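Peer 1: Numbered per mature numbering (1 follows the signal peptide of the UniProt record, and there is no 0), the sequence shown spans residues -20 to -1, 1 to 419.
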Amino acid sequence: MAKKLFILFFIAVIFIASCSKNNTQTASSTELPVIDENTETEITIWAWNVAARALTEMADIFMQKYPKIKVNVQEFGGVQAYEKYGVVLASGKEIPDIMQIESDFVQTYAENYPQFFLDMKSLAPADIDSKVDPSKVSTSYDSTGKLVAIAWDSGPVVVFYRSDLFKEAGIDPNTITTYDEYIAAGKKFQEKFPNIKFIGNMFVQDDGVWRNMLVQNDTYYLNKNGEITISSPKAIESTKVLRSFIDEGIMANTLNWDGSIRASKNGEIATYLSGAWWSGTIKDQMPEMKGKWAIMPMPAYTKGGVRASSHGGSTLTITASDPVKQAAAWAFIEHSLLNVDSQLLMYKNYGLFPSYLPVYDDPRFQEPDEYFGEGFNQMLGDITKQIPAAIYTSSDYSDIRSICVGAYEAIMNDNADIQKTLEDAASQISSTTGRTIAK
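Okay, here's the thing in structure tokens:
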């Protein structure tokens, strides 16, 4: 799902909610009752925007199989949903039975309110970790090993590029395999088209593109041991490459989501490093440009290096306390997320790229995309399988990310010294959280 710029708001919600954790509801992982067509109960799901609409369609299909189970999907805006999550979890009242939570924020809630999150390890297939996007595995578990979330959709990162303009500029996308080659292509492109910037940065005050490049380089804000890695050699390397796009004069800040759409429609940008969800925006907002946009894998840092990363995506969690509702909630999640037909339907109708790997082998998934043509889905599927398992979050992830975003803004917008800024950020995170800086 498209990124929402609500980091500071989100931190405030978590801080306020964390001040009031006393409650009695618990979610156990004991054996649940068997659900069948005679089971009678009602479950409520909280989700936002297009995800809520996808779940509503899933609910209609689910209720045909289980006619006495009523599924209520309540739709919110992204910020509104997180605000309500913080309030109800803090109070322990009016908690829904299923929550949609972005992968990066699962542990923020599950670690602060562990009593509400059902451990689905005994319910899920034993090989669940090998059947989903590898970058989603670590964020689906809490620190005690509970499986608290099931991956839903993914954001494999690719380069969206104007194939028609590349052809006019004499640039073969197959020759762009490293960032050095990407930069060289950008300079060549802008010699041909001086009024078009080669790269658009849609996240000037958000760390989206930066995190894409960190994960690709098998690093992140924290490592699997919870140590701070934002000032590691790999993080510094990734940041230097990203900053070089500006220094070389081939990147333009398109400011935000709307600005990126406007710049793309006006022909002002030739490429974006973005998650697969950007394809849905292109199709929806730029139907007249069908045949002019294509995708290629991210450039690698070195020849033969990794050309895959992850940007965004959500999960479903079970926060019901009643065993029958828990069983119904699991049946719904299994029906919606661990089902090839369901995932294909949500991808086709709502643009939610599946985290469930078996989908990629289905002939329907491999059909040509009406907008992007042959090989589009296969490339996204292949990239998803190669994403480094580098994303590690925590209960204090929001605080950590806020500090990192500040460092990113200083580097990208104010040309701050990269190494010093990242080292200062690491020190600030250590002081704030008590975490150790990785050596």
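All residues carry an ideal CB built from backbone N, CA and C; glycine is no exception.
The model shown is predicted, which means the values in this text are computed figures rather than measured ones.
1. Output needed for M79: all residues of its chain with C-beta closer than 6 Å, excluding positions within five of it in sequence on either side, in chain order.
2. Closer than 8 Å is the cut-off here; do at least three beta carbon pairs connect the region 127 to 138 with the region 207 to 220?
3. Excluding the five sequence neighbours on either side, which residues of its own chain have a C-beta within less than 6 Å of the C-beta of G293, listed in chain order?
4. Grouping DSSP H, G and I as helix and E and B as strand, with all else coil, what is E22?
5. For W310, which of V51, R33, E37 has the nearest alpha-carbon?
6. So who's on the other strand from M359, going by DSSP bridges?
7. Taking 8 Å as the limit between beta carbons, can you name the residues of its chain near D321, skipping five residues before and five after?
8. Pull up the distance between the alpha-carbon of L360 and that of G260, whole angstroms please.
9. So, at 6 Å on beta carbons, what are the nonlocal neighbours of G331 in its own chain, with the 5 sequence-adjacent residues on each side left out?
10. When you compare the CB positions of T251 and F178, do they come within less than 8 Å of one another, or not?
11. For my contact list, V137 and H291 are in at a C-beta cut-off of 8 Å; report their separation, rounded to the angstrom.
12. For A90 and V117, I'd like the C-alpha separation in whole angstroms.
13. Less than 8 Å separating the beta-carbons of R415 and I208?
14. Does the distance from the CB of S143 to the CB of K270 come in under 8 Å?
15. Considering Cα atoms alone, identify which of I417, M100, F225, K220 is closest to Q399.
16. Pick from K167, Q408, N236, P47: whose alpha carbon is nearest that of D16?
17. Determine the contact status of L35 and S211, defining contact as a CB-CB distance below 8 Å.
18. Distance, Cα to Cα, A406 vs V59?
19. Closest by CA to K283, which one among M43, A149, T158?
20. What does P277 pair with, by DSSP beta-bridge criteria?
21. Can you tell me whether DSSP reads G353 as helix, strand or coil?
22. Please go through the region 165 to 224 and give each complete alpha helix (DSSP H) segment of 4 or more residues, from N-terminal end onward.
23. Pick from V339, M182, K204: whose alpha carbon is nearest that of E389?
24. In chain order, what residues of the same chain lie with their CB nearer than 7 Å to the CB of T155, ignoring the 5 residues before and after it?
25. Tell me whether N52 sits in a helix, a strand or coil according to DSSP, three-state version.
Peer 2: On the basis of the coordinates in this document:
1. Working through the sequence shown from its first residue, we reach residue 79 at position 99. Excluding residues within five positions, the ones whose Cβ falls inside 6 Å are W26, T297, T299.
2. no
3. In the sequence shown, residue 293 corresponds to position 313, counting from 1. Once the five neighbours on either side are set aside, the close Cβ partners of G293 are S83, D133, S134, G135.
4. Locating residue 22 in the sequence shown gives position 42, counting from the first residue. In this structure, E22 counts as strand in the three-state DSSP scheme.
5. The residue labelled residue 310 in the question sits at position 330 within the sequence shown. Comparing Cα-Cα distances from W310 to each of V51, R33, E37, the minimum goes to V51.
6. The residue labelled residue 359 in the question sits at position 379 within the sequence shown. Paired residues: none, contrary to the question.
7. Residue numbering aside, residue 321 sits at position 341 when the sequence shown is read from its first letter. Same-chain partners within the cutoff: there are none.
8. On the sequence shown, position 380 is the one that residue 360 refers to. On the sequence shown, position 280 is the one that residue 260 refers to. Rounded to whole angstroms, L360 to G260 spans 13 Å at the Cα level.
9. The residue you call residue 331 lines up with position 351 of the sequence shown. Excluding sequence neighbours, G331 sits near G260.
10. Numbered from its first residue, the sequence shown carries residue 251 at position 271. Numbered from its first residue, the sequence shown carries residue 178 at position 198. Yes; because the gap between Cβ atoms is below 8 Å, this pair is in contact.
11. Numbered from 1 along the sequence shown, position 157 holds the residue referred to as residue 137. Numbered from 1 along the sequence shown, position 311 holds the residue referred to as residue 291. Rounded, the Cβ-Cβ distance is 5 Å, consistent with contact.
12. Taking the first residue of the sequence shown as position 1, residue 90 is located at position 110. Taking the first residue of the sequence shown as position 1, residue 117 is located at position 137. So the alpha carbons of these two residues sit roughly 15 Å apart.
13. The residue given as residue 415 occupies position 435 in the sequence shown. The residue given as residue 208 occupies position 228 in the sequence shown. Yes.
14. Locating residue 143 in the sequence shown gives position 163, counting from the first residue. Locating residue 270 in the sequence shown gives position 290, counting from the first residue. No, Cβ-Cβ distance for S143 and K270 is not below 8 Å.
15. Here the question's residue 399 lines up with position 419 in the sequence shown. Looking at the Cα atoms, K220 is the closest of the given residues.
16. Taking the sequence shown and counting its residues from 1, one reaches residue 16 at position 36. Here the closest residue by C-alpha is P47.
17. Walking along the sequence shown from the start, residue 35 turns up at place 55. Walking along the sequence shown from the start, residue 211 turns up at place 231. No, they are not a contact pair.
18. Mapped onto the sequence shown, residue 406 falls at position 426. Mapped onto the sequence shown, residue 59 falls at position 79. Distance between the alpha carbons of A406 and V59 is about 28 Å.
19. For the purposes of this step, residue 283 is identified with residue 303 of the sequence shown, where counting begins at 1. Per the Cα distances, T158.
20. By 1-based counting over the sequence shown, the position of residue 277 is 297. BP columns for P277 point to V138.
21. On the sequence shown, position 373 is the one that residue 353 refers to. Looking at G353 - three-state DSSP - the assignment turns out to be strand.
22. 188 to 196
23. For this step, residue 389 is matched to residue 409 along the sequence shown. Out of V339, M182, K204, M182 has the C-alpha closest to the C-alpha of E389.
24. In the sequence shown, the residue the question calls residue 155 occupies position 175. Cβ neighbours of T155 beyond the five flanking positions: E161.
25. What you label residue 52 is simply residue 72 of the sequence shown in a count that begins at 1. Looking at N52 - three-state DSSP - the assignment turns out to be strand.
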